[in-house]
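See below for the structure under consideration.
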Amino acid sequence: MTLTPERSSDHSDRNVDNSPQTSGHPLLADEEWADLSRFAPEVTSAITQLMSLKDQLRTFDRPMGPDQAIMLADGVEAITRINDALSTLALSVCERVGTPSDFGAKSTKSLIENRFNLTGAEANRRTEMAKNLGGRVDMSGQALPPLYPIVADALHAGTISAAQASVIEDCMRKLPSWISQAIRNDVESRLVNNAPKVRLKDLREIFGKLMGYIDPDGEEPKDSADRAAYCMSMRAKANGDWELRGLLDPVTGGTLNGLLTSRIQSANEGDKTDAGENSSGSATAATTAGNPTCGTENFEPEGTAAPLPDEELFEIVDAVLSGERYDAKRVPEPNLSTARTAADLSAVPGVGIHTDGGLVDVSAEQPSAREWIYERFAGLVSTIDKQRTTAGAPYALVVTAKAEDLANGTGHGTTGADNPIPIKELMTDGLNGSVFFHLMTDKAKTMQVATEQRFANRKQLAVITARDRGCTFPGCDAPPGWCDANHVYPWARGGKTEVNNLALLCSYHHHLLDRSDWDTKMLLDGRPAYIPPAAKDPALTPILHARFVADDIVDSLFDE
16 MTLTPERSSD HSDRNVDNSP QTSGHPLLAD EEWADLSRFA PEVTSAITQL
66 MSLKDQLRTF DRPMGPDQAI MLADGVEAIT RINDALSTLA LSVCERVGTP
116 SDFGAKSTKS LIENRFNLTG AEANRRTEMA KNLGGRVDMS GQALPPLYPI
166 VADALHAGTI SAAQASVIED CMRKLPSWIS QAIRNDVESR LVNNAPKVRL
216 KDLREIFGKL MGYIDPDGEE PKDSADRAAY CMSMRAKANG DWELRGLLDP
266 VTGGTLNGLL TSRIQSANEG DKTDAGENSS GSATAATTAG NPTCGTENFE
316 PEGTAAPLPD EELFEIVDAV LSGERYDAKR VPEPNLSTAR TAADLSAVPG
366 VGIHTDGGLV DVSAEQPSAR EWIYERFAGL VSTIDKQRTT AGAPYALVVT
416 AKAEDLANGT GHGTTGADNP IPIKELMTDG LNGSVFFHLM TDKAKTMQVA
466 TEQRFANRKQ LAVITARDRG CTFPGCDAPP GWCDANHVYP WARGGKTEVN
516 NLALLCSYHH HLLDRSDWDT KMLLDGRPAY IPPAAKDPAL TPILHARFVA
566 DDIVDSLFDE
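Sequential numbering from 16 applies to the sequence shown in our numbering.
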């Protein structure tokens with residue numbers, strides 16, 4: 016920014032009446048606002064008017080109904096597209112003739128990342144758009160068209176958004192180098208023409224179809240030696256945790272991703288089937304309880320799976336798993352005031368029902384997307400462990416510990432990898448009873464103790480699956496295939512492995528009971544209920560899953 020002679024002479028008298036014009040936006044200093052007003056008065060005028068409109072709407076000085084709100088949102092999107100196009104033009108000049116070092120930056124990307132407090136990814140997106148869609152020059156200074164002229168024209172016309180332009184750019188970069196310019200133009204034109212009609216992810220699918228026609232043989236097959244690049248490493252940390260890293264091949268990675276994000280039928284969806292269907296399928300579901308790798312009723316991608324209750328939920332999970340988002344809340348706070356009866360909320364996640372019929376919000380006790388993904392992964396490992404043990408495989412884990420520590424539930428044991436594991440954690444969880452203990456006394460004499468198989472058998476699972484039909488913690492919608500049979504009265508304290516002492520719980524809520532003051536009890540009528548901490552409910556009123564209360568309502572409809 017350069018001060019004019021007039022402004023330079025006035026610089027020392029900022030407190031007098033002829034002070035510089037006041038900026039209309041906090042991002043622009045007064046001098047910058049004045050300079051911008053002289054160069055592009057359209058921009059400062061638009062900022063002033065839009066700021067005024069925003070303030071009027073915020074204070075309700077200007078009324079706005081739903082129709083006007085949608086109309087305004089459309090207008091704001093149009094403004095956003097104009098802003099993106101202007102930004103592309105401005106940054107392309109910086110790329111061509113600018114000197115970022117004059118502003119203390121080493122590149123245009125670094126300049127805008129720090130100047131506007133952007134993420135590295137966003138700064139890179141804007142810079143790449145400027146390079147590819149803005150004006151270019153050759154080595155002699157002659158003007159060149161944009162690298163992707165059809166995309167650039169559509170962006171500046173406002174028919175596509177910056178996000179759509181970025182996706183199309185990414186697709187165009189994947190075209191093989193041997194493809195002619197005519198075919199490139201045709202692909203670019205098809206993507207631009209279809210962009211306003213489809214979602215962003217659909218653009219990539221369209222590009223994939225086009226590539227199938229253009230290059231049916233695909234890339235040249237890779238040498239088998241490339242498989243050596245795939246790897247997995249596990250490093251034990253001092254506290255007993257494990258750090259997992261690796262690179263998976265497409266098939267293995269795709270399978271794992273599918274298991275972690277699969278569109279399985281939720282427990283609430285299963286409640287919508289009639290009684291005959293439910294009872295006939297319960298035994299099969301029970302045999303795969305906690306076994307997400309088996310059972311077509313839960314994992315068939317087409318045909319047998321019920322419609323998704325909320326596709327947005329899975330999009331959130333996908334975003335967290337891919338790293339696009341760190342975490343997100345899966346279950347929003349329910350609006351209890353809109354329900355007239357308990358049945359209205361029987362299929363709404365995050366809602367429980369007191370034994371007296373009152374509704375209670377338990378959305379805070381539901382897992383976030385990040386927690387949900389991890390518990391699924393832990394469940395997969397646990398399932399493999401169960402299958403190996405059931406098939407007569409050796410114990411999954413050998414733990415060396417002192418007999419006194421095991422008896423008292425204190426201290427740590429060590430595994431074959433010299434990794435410490437808290438004895439208390441083994442006592443409460445026990446890796447599904449598949450642990451082999453190598454016990455040591457103070458005199459270093461050894462004895463061997465194998466834990467008894469303490470998880471429910473197939474017949475017991477069939478019964479409790481038919482009864483519970485999913486995780487029994489209030490507000491949870493995890494289906495039977497992702498649940499384990501949990502002891503109501505803990506097995507570590509002498510609880511028996513029998514139907515009246517078992518309830519289905521997902522991994523997240525199983526560990527919630529272990530690490531919090533939530534407790535569980537079996538009511539006299541055979542329904543599992545959960546007691547919140549005293550800080551949450553001093554009366555310690557048991558809370559039921561809404562599906563049990565809905566069952567009671569349905570069963571009593573024709574009593575009179």
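By construction, the Cβ of each residue, glycine as well, lies at the ideal position given by its N, Cα and C atoms.
Using DSSP with H/G/I as helix, E/B as strand and the rest coil, what is residue i?
i: Gly258; result: A small fix is needed here, since residue 258 is Glu in this sequence, not Gly. Three-state DSSP puts Glu258 in a strand.
i: Thr114; result: coil
i: Ser337; result: helix
i: Thr535; result: strand
i: Ser248; result: strand
i: Leu517; result: strand
i: His560; result: strand
i: Leu43; result: coil
i: Ala471; result: coil
i: Ala544; result: strand
i: Cys498; result: strand
i: Pro81; result: helix
i: Ala553; result: It is worth fixing the name first, because residue 553 is Pro in this sequence and not Ala. Of the three classes helix, strand and coil, the one that applies to Pro553 here is coil, per DSSP.
i: Pro231; result: coil
i: Pro437; result: strand
i: Leu87; result: helix
i: Gly296; result: Residue confidence for Gly296 is low, a pLDDT of 36 falling below 50, so the modelled location carries little weight and cannot support an answer.
i: Ala493; result: coil
i: Phe222; result: helix
i: Thr59; result: helix
i: Gly509; result: coil
i: Arg205; result: helix
i: Gly269; result: helix
i: Cys109; result: helix
i: Ala49; result: helix
Under the assumption that residue i contacts residue j (Cβ atoms under 8 Å), give the Cβ distance between them as a whole number of angstroms.
i: Ile518; j: Ile479; result: Inspection of the sequence shows that residue 518 is occupied by Ala rather than by Ile. Yes, they are in contact, since the Cβ atoms of Ala518 and Ile479 sit about 7 Å apart, within 8 Å.
i: Cys498; j: Gln381; result: About 15 Å; that fails the 8 Å criterion.
i: Glu390; j: Ser195; result: In fact, because the Cβ distance is near 51 Å, the residues do not count as touching under 8 Å.
i: Glu110; j: Lys69; result: In fact, because the Cβ distance is near 32 Å, the residues do not count as touching under 8 Å.
i: Gly373; j: Pro489; result: 12 Å between Cβ atoms; not a contact.
i: Asn6; j: His502; result: A query on residue 6 cannot be resolved here, the shown segment of the chain reaching from 16 to 575 and no further.
i: Leu555; j: Ala549; result: 6 Å
i: Val207; j: Ala169; result: 5 Å
i: Lys121; j: Thr142; result: So it is not a contact: roughly 13 Å between Cβ atoms.
i: Glu128; j: Gly119; result: Not quite, the Cβ-Cβ distance comes to about 12 Å (not below 8 Å), so this is no contact.
Which word fits residue i, buried or exposed, when buried means at least 16 other C-beta atoms lie within 10 angstroms of its C-beta?
i: Phe75; result: exposed
i: Ser166; result: Reading the sequence as shown, one finds Val at residue 166 and not Ser. Buried is the call here.
i: Pro231; result: exposed
i: Tyr341; result: exposed
i: Asn313; result: Reliability fails at Asn313, whose pLDDT of 38 lies under 50, so the model's placement of it is uncertain and no value is given.
i: Ser24; result: Its pLDDT being 39, under 50, Ser24 is placed unreliably in this model, and the coordinates cannot settle the point.
i: Trp387; result: buried
i: Asp371; result: exposed
i: Gly39; result: buried
i: Lys474; result: exposed
i: Gly496; result: buried
i: Ala44; result: exposed
i: Gln64; result: exposed
i: Gly541; result: exposed
i: Leu126; result: buried
i: Val202; result: buried
i: Ser239; result: For Ser239, the predicted model reports a pLDDT of 48, less than 50, meaning its position is unreliable and no value from the coordinates is stated.
i: Arg484; result: buried
i: Phe563; result: buried
i: Ile85; result: exposed
What do you reckon, are the CB atoms on residue i and residue j nearer than 8 Å?
i: Thr67; j: Thr59; result: This sequence places Ser at residue 67; Thr is not what is there. In this structure, Thr59 does not lie closer than 8 Å to Ser67 by Cβ.
i: Leu395; j: Leu520; result: no
i: Met226; j: Ser181; result: no
i: Ala384; j: Ala343; result: yes
i: Asp106; j: Gly149; result: It should be pointed out that residue 106 corresponds to Leu in this sequence rather than to Asp. The answer is yes: Cβ separation under 8 Å.
i: Leu271; j: Ala244; result: no
i: Asp256; j: Arg242; result: no
i: Ala500; j: Ala477; result: no
i: His369; j: Ile546; result: no
i: Tyr177; j: Asp99; result: Sequence inspection shows Ala at residue 177; the Tyr mentioned does not correspond to that position. Yes; because the gap between Cβ atoms is below 8 Å, this pair is in contact.
i: Gln179; j: Leu133; result: no
i: Gly173; j: Ala61; result: no
Using a threshold of 7 Å, is the CB atom of residue i nearer than that to any non-hydrogen atom of the ligand ADP?
i: Ala550; result: The ligand ADP is absent from the structure shown, which contains no ligands of any kind.
In chain order, each alpha helix (DSSP H) run of at least 4 residues that lies wholly inside the segment 131 to 186: 135 to 148, 164 to 172
Just list the alpha helix (DSSP H) runs in the segment 365 to 405, keeping only unbroken ones of 4 residues or longer that don't cross its boundaries, in chain order. 384 to 405
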